Structure formats: structure tokens, C-alpha cells
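To start, the structure itself, in C-alpha cells.
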Amino acid sequence: MIRAKKNKIIKSFLLLGSSAIGAIGISSIVFNSRSKSDIQDKQTIGPRNAEPKLSDKIFVIIKPEYNAPNDTNLISEEIETTIEFKEGQTVIGEPIKIKTKTKEEFKYDISKFIPEGYMLVPETYPKGTEIILTAGQVNSIFIQKIKKVVKTTFRFIDKETNQEVGNPLILDLDTIENFDLKKYLPSGFKLPDDNQNPSYTKGEVNDILVEQIHKQYETILFFKLKNTTEELIRREKVVTIDDQKVNPANFIPDGYEFEPQNLQPQSFDNLKPGGHYTFFIKKTKVKHQTQLKFVYQNEQIGPLKTIITYGDTEITIEQINQRKPEKYQISPSFTQANIQLDRINIIPLDKIRQMDQTKLIYKDKNDKLIKELTVTKYEDETFDASQYLPSEYQFASSNATTNVVRGRVDNTNTYIVELINQPVTPPEPEPQPQPTPEPTPEPEPEPVQPEEKDKNIPSITTSSEEEIKRIIAQGGKKIDIHSVKGDTKASTIQNIKAKALENQKIAKQREKVSAIRSIISKLSDPNYKFNADDLARFYQPEGKDPEVIRRVLENMAKYLNGAKLKDLNWSSAFPINDSLTAEDHKRIFKAQMEATLENAEEYYKKGMVLNWAVIDPSNPYPTWGFADPNDNPVYQNQKKINKARAFAYDGKNSEYGRTGGDLGAGKYPGWKDTVLTDRKYGSSKRVTQAGNRQFITGDGIEVRKYTAERGNEAGRAQPDQIVAFMDASNPTAVNKIIDLLRKNTEITGLFISNIGTKDKNQDISEILRQLPPQIDKLTLFYDTEFMTGLSYLKNRHFKQVELGTTINNQDDNLGDETRTEYIHGWGIDPIVFQHTDFVAHDWTATKGWDNYRTHDVQYGPIQFNIIRPSKGSTLEEVKKGFDMVLRTHAGWAIFNGVWGDGGYPIKIDLSETQFKSLRGINLENYKFRVIKLPSQGTTFDLDISEIKDSQYTAILSNWGPPDKPKILFGDPRTTKVHLRGNKNDFGSNWIAQWQAFIEGISNVGTIKTIIVDDEIVKGALLASGTLRSLKIMTQQEADNGSGLDFD
């Protein structure tokens, strides 16, 4: 037992020894590691002494199986740490518990414990799944659901080659906010214009069509004449793509060729796209073969005659006269303007009445000459020798014959005559001496009375009389004014086949027609008075207040019975004759209503009804309009007009034009405008003053951006547009506008308002002359009829021009100065629009039936009834201007005058030009009621040679009362006309032109005297039977009797 105990003690010592040795080994390892990590770093190199020592943090653990019976082991301490996963505040799954030996924070990889389908919140745990945990506590780990990533692939396919371009694009669309495919397109490509928003499917491969981006250039070519003014013939905008070449030869105007290279500002080759280039051109001298077919009473007289000309050389009437058949003259209806090159021209002829001269000699039986004269007569006029017997003589019986041999001026026609009562003379007795009586005073001899002649033929020599007759014979015939009727322009509004009215609507229209005819049947009764009840049976404007209509009808009845509008406290929308009597109204009512109702049944078939567009007591007369607006060709035409604008519109209500309010405010249907406040545009503010007139304060310039609205497809095809608005009454704006436009080339439109508002003589010529080339839209509002500067537009290209006013926009004054409501008269030179694509003209009366009582400013387009060529205009420009009005732009409303579609301005003002007649202008058969000619001082000079081709007959037409054709002059002091020239200057067919000239000046009344250079001219004018009450005298007579003339 003792031995056992000893063995046990020995074993214990051995175990303790081995434990000590293990502890010493571990301590050595720790010492070495510390010496390397801590101590070695802090001590210098050298000998070190250290005692072995166990670290406080090392626990020596003896497994129980090695324990001695009396050993007590050190028990290790375990700490339990809990991990819970949260999505927001919600715990996901069961908590995870782990045991550690540390009481401090420790790093732990929790990836294997994260619930399935979840991930750590990246923003909270940017370093991944190794999380620092606090031992012995509950650690909350925040997680979120794993999103399923859906990848969408885009492949880009070239629309032209059908080949893939660029690299496929693979995107997680859920991670991209406001995804825009256009931002990811391959470089140099774009989406096709017809598919700007292609569809695609998320998570799949999508093929997207693209097309290559081509760089577009706009090159401007100017074709000009090489003259002092460098007149612009054409401005051509050429659009090219990428490296496409511009060949100016492809765009030269027809009928022109280039000047030589040495006269050109640049070469014809290698033009850089996007530039502006000028080329000088000249008209190509083309050979023209023009044939003349002479026709008399629908039968050709003689063979065709050919005239060869080159270039622009005109064929003159004289050339035609040289080729006409003998014994014929050209009809007065044919003028030089009727000649068309390279065609067969019908030349109407009149027969010339040939004259002959016959000498008659009367002698007595003693061969004493009693009378000798030469008779000039037309060949178709008969006469005999007895008509010219000397007074108190008769033929002697010894005459072999008293016949006359016509055309002989020798002694062939000699006749023996004798006194009718021959006195028997007794022989005289020798005279008896007589006392000398007082002399009886001899009576004064009576003056010899000349033979009575035509009172229009002056007392001149026989040879002069024959010259006068020749001039008259060649002069043609006068015109019956009352039988002349001019042409109207063909309508540019296309007809629409409308459906006929329904029977019920026809019955209602027939009731109105019957009511009108009932009134007409009563008009023959002198006691009949118009009354409101009768008028109400037919006068039924739709959609109007019945009480208002009743008041209108009561005033209408009074007016038609002879009352004055001013006495009814009513003014008409338009100038009217307020002096008509009740009988005048009855006559007018009958005539106008019968004309309106004449074809009523035909109108029903066209779907038309009676309507009254204007509510006015002075106008009971209806017009025919379409019951269904879709049948109205005017509406359809307006839709076409709205599409043609620079601000195109084809949306809702596109059958209507713009209102006056739209015009004045610069509003365009289908377009949204925004005022731009960028500092570079200056600082201004639009204000509205009393009377609704708008001004722009500050710099006087406002800039707006226009964007087409949804639903306006025509407008959306156009780009956004920027327009500068300028207040012409603001001096700062006038001074700054050109500089602003030059610096900001994105501005492509200019709207100038209040021109002449504060100064009726305001001149904006310099602004219009200096407009930068990018300005292609121009609106001008003139508050003065003295419109300046427009001539500078004639060589500029514009997409759109618009002319408006706030004063009376219907004033055509010219020739009607007695109408006090007129001032000067709106006139337009058509040539200013020769390079303009479209002239906007949305009719609104500034003084109309709906606004005539207001004092507010009303905006409307200017109605031009006067063609007024500008100062310095060439004949070619004037001719082209008339051609635009009557033919090439006949459909433009600005050229319709006061009559609307099919109309044209019926007054011509040449007073600012050098032209004294309408010679050379192709007027066809259009008639013009008033012509104003240029004059300076008291005398208007006119060459006789100009009369025959003057086309003064354009004023001769049955204008109807009270209008009369008029010719007036630029200088109101002009009271005389001086015809310069002699008998050889008249030419043929001058009488009708002279008749028209006299008719025109006589209806004005300011011309009192016609002055000529010699007696023969004076005699010819008197013999023409056209002078009326005008005084005519030669220059010599004027010099002798008129005294001084202070021109």
C-alpha cells in the first residue's frame, strides 16, 4: 500500500514536470513572437535577457483523462453571442447563437447563416459578410431581399444595310431611371424619323432599327444681274447631305446664262456647303419666231407674217403695221401687251376708209374762174358737182356732163356756170348835171359769212384740213363706254360637290323667298312703307338674340323708308350713301333681291341657304351660304392656306383664319409662345394702355419662342421658331433691333408694331434695308398710310410676310377724296413680294359691324385696292407686279382688292414713278377705275406718240352710279395738259385712248386746258369729238394770252 502510494506520488511529480516543461515551451514561443513583434521593434540590437513567463491570456488546460485522482482542472469560460437577421424592423428566421471564449468584439463571417433569398444591405455592410460582433449580446444584422436581375439586350440594325452596327447593349432597366434609348445609340446613328419611339420587350433581345446621321447643309445661291443695282433675279436655297456637291448651273433661272468666270466673285467649282454665294447672270438671247395672223370679221386676211426677235426685244405696233394688209388698220382693242412671243398672234383688223381728193373748177362762159376747190372724201362717200356750185349760180346748158371723175386734181372736172337770175341791163343815158347833194353816209359792209362747217373743225387751210382728216381716219373709233365690261380673276377656290338640301330645309327657305317676293310685289304701291313685321318674315340671322334682331328690324324699316342712319343713332360697318330716299331704297331693294333670288332653286341643289353674316340696319340683303360647313369650299380653301403658313396649322378649327386679336398679339393657332428672358435679349416688358393698345417698355424688344402644340401635325413638322417683337414707337428699340438680330442668328422672325403711332411720317426704311439674312418671317403693323421701306423687301426671300394696321384698314381714297372717312389710301407695290413664299391676309375689319362703336384698338390686315409701284421702279418691275396680281399670285388674298376671291385692286397710282401711261403692261381685259399719273407743277406733259399704246381705255367700263372712271395727277396744282408732238406722231387707233384720257380727267375736273404745238394737232383733237368742255389752244396762243405761269 505504501509502495502504491509512492508510485502515485512519483506519477504526480512526473506529470507536474511534463506540464512545466510544456508551459516553458509555450512561454518560449510567446517570448520569441513578442520579442519579434514588440520588444524587438523598440530595443536596439544587442544582448537581451528575459525570464520565461506565461502570458496572462494563455490558459493551460489539462484534459480530464490525464488528471490524477487528486487533480482539480481549470474550467474554460464560454460566452454565448446571438445573431438575428432583420428586414427593416422585421426579424427574419430564427436567431443564430454562437459561443466564443472572448468577452470583447470579434469579427465573424456570417455568410452561411444569411436566410435564403436575402442579402446584406450593401450600404450598411460595404465590406462584405465579415461582420464585427459584440460578444455575449444580441447582434441585429440588416438584410434585404435579393432582386432578380432582368437583363435586356438591344442590337442596333442599320435600316439601310440591314447589318448590325456597334456592340449589343445589355442593361438592367430596373436600375435606370427615365431610360432613354437615344442616349445609348451607336455613335453616328439616330432613330429613323418615322419611328422615334421604338417598342422593346424587357428581358429579351430587341433589334432596333437605326439610320446613319447625315450632316445637312443649307447653301444659299444669289443670281444677280451685273448692273449698277445688281438686281436680284433669284435666291435659291440648296440643301445637301454630307459631302454632296453644289452645282450652281443646276439652279440658274430659266432664260439666263452665267457671265464669264472673270466677272464672278468666286469659282463655279468646289463651293463649300453651307455658304452664301453670288453669281452674275445675263439673259440668254433666245431666237423668237412670232407669227401674225391678220383677221377681219373672223376671216384671215393674207398669209401669216413672221417676225424674228432675239432675247427680250419686244415687238412693236409699228412692226406689225409694216406687215398688215393694205387698206386695213389694227383694231383699237389690240395693244402691244397682247403680243406673245413664239406663238401665232391673232391681229384683229378694221378696214381703213380710203380718202381721195377731187378738184372742182367752176367758170362762166367767158372762161372767167368763179370757184375752185378740192374736195376730200372717203371713197365710200358719194357727192356730185352740184353740191359745190357757187352761190347764186347754176350749170349752163353748154355743159356736156355734170358728172364727177373722182380722184382727179387736174382740169378734168371743169364746169360752165351762169347766174340764176341774170339782170337785163338797159343802156345808161348820158348823165344830167345835178347839184351836188350832201354825201349820204355809206352803210358799213356786212362781213362775209363763211360757209358753215363742222363746228369742231378749225378754220385752217385746205391742205391742213386734209391732214386732219387723214389723222382722224387712222385714229380708229370711239368706244361705247356703257357697253364695256371688264374681266374678273378666275376663282382659286376649288368647288366641292355638295349634297342638296333636305325637303324640310328647302320648305323653310322657300318661305323666306316668298316673304321677300311679297314685299317686292308691294313696292309699286306709292303708299307702301317698309315695316319690321314684313322684314321679320325673311330676315332671320341664326344664333342671334331675338331682342337685338327686333331693334335692328325696326331701325331697318325706318332706314328703308328714307331715315338717315345718323338720326337712328347707328353707324354702318362700311361707308355708305346716307342720302338715299325711300324711292331709291325701293328701287335698290327690288333690283338686289331679284338678283339674289333669281337662281334660288339651283342654290338649294348645291346645299345652300340664305344667310346674313352682318347684323346691320342698312343691309337687309342676304347672301347664299352652305348649310353644311364641310360643303363650303371657302372653308376647305382656308385649311390649305393655314397649312401654307410659316406657322403651319391643320388642327381643330383650321377652317378659320386668325382673329384680329391673334394678329395684334402675335398669336398663331396650334402654336404655344413663350417669352424668353435671357439677358442677351435685353430687358423689356409688354404693357397694355387705355384703348387696348400694346407697347413694349424698357428696350422696346421682346423675344418669343414658338413651339407647335400636340394635334397640330403640320406645325410639328416645322422646327421651333424664335421671333423678335419690336415697338417702333420706342426709340431704343429702333436703335438696337438690327444689332440684336445680327448677334442672335437663332432669331428668324421679326414683328414690328406701332409704326407711325406717334409720328405719321415715321420711316423704318433703314431697318428693313439692313435685315439680316436669317430673318424669313416678317410682320409689320403700320398705323400710318404712308408705308415706308417696303421696296427694300423686293430682293429678299421670306417664308411669310404680313401687313396689318389698327386704323381704318379699308381706306382706298384714291380718286374719292371727297369721302371724308378716307385719308390717303392703302397702296401696295406687288413686286416687293416677288421672292416671298406666302403673304398672310386674315380678313378682319378694324372698323366693322361688331366693333365700330368701341374706342378700343382693333387689329386687322391691310386691304389694298390700289396698285402703287414704288419710286424708281423699272418697267419690268411694274409689268411683273401686275402679272403677280392678275396671274401668278392671283389667289393671294392681299391681291383681291375689296371684292374678295376673284377680285383685284381697281386703282393704279403711278405718281411715284416716271410712267405717264400703262403702255407695255399686260392688262388683258381687266378694268381699273382710277389712274393717278406723275406730274410736277401746273402742267402735265404727254407725248402724242404715247397715246396710241397708252391703255387709258382700261378705265372705260360701265362702273355704274355714282362711280366714274378718273385720271388724276400727283401734283394737285396741275390744271393743264401739254401734248407734245406733231401730226406724224398720232399713229393708228389713238382716238379711243384719247377719249378715255379725256373722260378720266373730265370726271375729276381739275384739268381745264389742253395745249398743243400746232394748229393741225389742235384741229385733229377737235375733230375727234372727244374734248367735251375742255379748252384747247396752241402753245403760241397760250404764250400770247396766259401771262406768267409760276410753276
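Residue numbering for the sequence shown is 21 to 1067, as defined by our numbering. Cβ atoms here follow ideal geometry from the backbone N, Cα and C, with glycine treated the same way. Owing to the predicted nature of the structure, the values given are computational and were not obtained by experimental measurement.
Selected residue, minimal CA-CA separation from residue i, among the options
i: Arg-1000; options: Ile-635, Phe-300 and Val-1037; result: Val-1037
i: Gly-702; options: Leu-760, Lys-692, Asn-750 and Asn-639; result: Leu-760
i: Ser-207; options: Tyr-220, Asp-178, Gln-741 and Gly-223; result: Asp-178
i: Ile-161; options: Glu-150, Val-169, Ile-1052 and Thr-866; result: Glu-150
i: Lys-509; options: Thr-908, Thr-172 and Ile-261; result: Thr-908
i: Glu-238; options: Val-266, Asn-217, Thr-249 and Leu-193; result: Val-266
i: Asp-624; options: Asp-129, Ala-664, Lys-564 and Ile-526; result: The amino acid occupying residue 624 in the given sequence is Tyr; Asp does not appear at that position. Tyr-624 has its Cα closest to that of Ile-526, out of Asp-129, Ala-664, Lys-564 and Ile-526.
i: Asp-262; options: Pro-280, His-234 and Gln-284; result: His-234
i: Asp-713; options: Tyr-879, Asn-945 and Glu-346; result: Checking the sequence shown, residue 713 turns out to be Arg, not Asp. Arg-713 has its Cα closest to that of Tyr-879, out of Tyr-879, Asn-945 and Glu-346.
i: Thr-866; options: Leu-834, Asp-903 and Asn-828; result: Asn-828
i: Thr-679; options: Asp-862, Phe-884, Val-950 and Ser-749; result: Asp-862
i: Val-315; options: Lys-586, Gln-183, Phe-715 and Lys-347; result: Lys-347
i: Phe-935; options: Asn-916, Ala-913, Trp-919 and Glu-966; result: Glu-966
Beta-bridge pairing of residue i - partner residues as DSSP gives them
i: Met-1053; result: Ile-1031
i: Phe-745; result: Glu-722 and Phe-771
i: Trp-1010; result: According to DSSP, Trp-1010 bridges with nothing at all.
i: Lys-119; result: Glu-100
i: Tyr-669; result: Bridge partners of Tyr-669: none, in fact.
i: Trp-644; result: Leu-630
Residues of its chain near residue i, where Cβ-Cβ distance is below 8 Å and the 5 sequence neighbours each way are ignored
i: Lys-519; result: Gly-627, Asp-648 and Asp-651
i: Gly-275; result: Lys-303, Thr-304 and Val-306
i: Lys-202; result: Lys-210 and Leu-211
i: Ser-511; result: Asp-921 and Gly-922
i: Glu-98; result: Lys-119, Thr-120 and Lys-121
i: Ser-418; result: Lys-385 and Ile-436
i: Tyr-669; result: Asn-662, Lys-663, Tyr-688, Pro-689, Gly-690, Trp-691, Asn-732, Ala-734 and Gly-735
i: Gln-489; result: The amino acid at residue 489 is misidentified as Gln; the sequence shows Lys. Met-375, Thr-396 and Ala-1043, listed in sequence order.
i: Met-600; result: The sequence shown places Leu at residue 600, not Met. Contacts found: Gly-582 and Ile-608.
i: Phe-806; result: Gly-776, Lys-780, Asn-781 and His-844
i: Gly-295; result: Thr-239 and Ile-240
Whole-angstrom distance between residue j and residue i, CA atom to CA atom
i: Val-174; j: Glu-197; result: It is Phe, not Val, that sits at residue 174 in the sequence shown. Those two C-alpha atoms are separated by around 17 Å.
i: Pro-146; j: Met-139; result: 12 Å
i: Leu-324; j: Lys-344; result: 10 Å
i: Arg-730; j: Lys-705; result: 29 Å
i: Phe-818; j: Leu-938; result: 29 Å
i: Val-568; j: Glu-574; result: 10 Å
i: Leu-153; j: Leu-191; result: 38 Å
i: Phe-853; j: Leu-813; result: 7 Å
i: Leu-696; j: Glu-722; result: 8 Å
i: Ala-1016; j: Val-395; result: 32 Å
i: Ile-163; j: Gly-223; result: 26 Å
i: Asp-61; j: Lys-127; result: Confidence is the limiting factor: at Asp-61 the pLDDT is only 46, short of 50, which leaves the residue's position unreliable, though a coordinate-based value still follows. Taking the straight line joining both Cα atoms gives about 27 Å.
i: Leu-906; j: Gly-957; result: 34 Å
i: Ala-744; j: Gln-820; result: 15 Å
i: Ser-479; j: Phe-1006; result: Because the pLDDT at Ser-479 is just 48, under 50, the model does not fix this residue reliably, and the value given afterwards should be weighed accordingly. For Ser-479 and Phe-1006, the distance between alpha carbons rounds to 21 Å.
i: Thr-1054; j: Val-424; result: 38 Å
i: Gly-671; j: Lys-660; result: 12 Å
i: Val-997; j: Val-898; result: 24 Å
i: Glu-279; j: Thr-765; result: 32 Å
i: Asp-1059; j: Ile-491; result: 26 Å
Nonlocal neighbours in the same chain, by C-beta distance under 7 Å from residue i, ignoring five residues either side
i: Ser-931; result: Lys-952, Leu-953, Pro-954 and Gly-990
i: Phe-948; result: Ile-926, Lys-927, Ile-928, Ala-974 and Ile-975
i: Ile-130; result: Ile-103, Thr-149, Ile-151 and Ile-161
6 Å CB neighbourhood of residue i in its chain, flanking five on each side removed
i: Trp-632; result: Pro-561 and Pro-642
i: Ser-785; result: Thr-808 and Gly-809
i: Phe-199; result: Leu-193
Cβ-Cβ separation, residue j to residue i (assumed contact under 8 Å), whole Å
i: Asn-815; j: Ile-350; result: The Cβ separation is near 38 Å, so there is no contact.
i: Gly-686; j: Arg-724; result: 7 Å
i: Asp-747; j: Tyr-726; result: Contact flag wrong, Cβ pair sits at about 19 Å.
i: Ile-364; j: Gln-407; result: About 48 Å separates the two Cβ atoms, so there is no contact after all.
i: Glu-614; j: Ile-499; result: In fact, because the Cβ distance is near 30 Å, the residues do not count as touching under 8 Å.
i: Thr-768; j: Phe-801; result: No, Thr-768 and Phe-801 are not in contact; Cβ-Cβ is about 19 Å, not under 8 Å.
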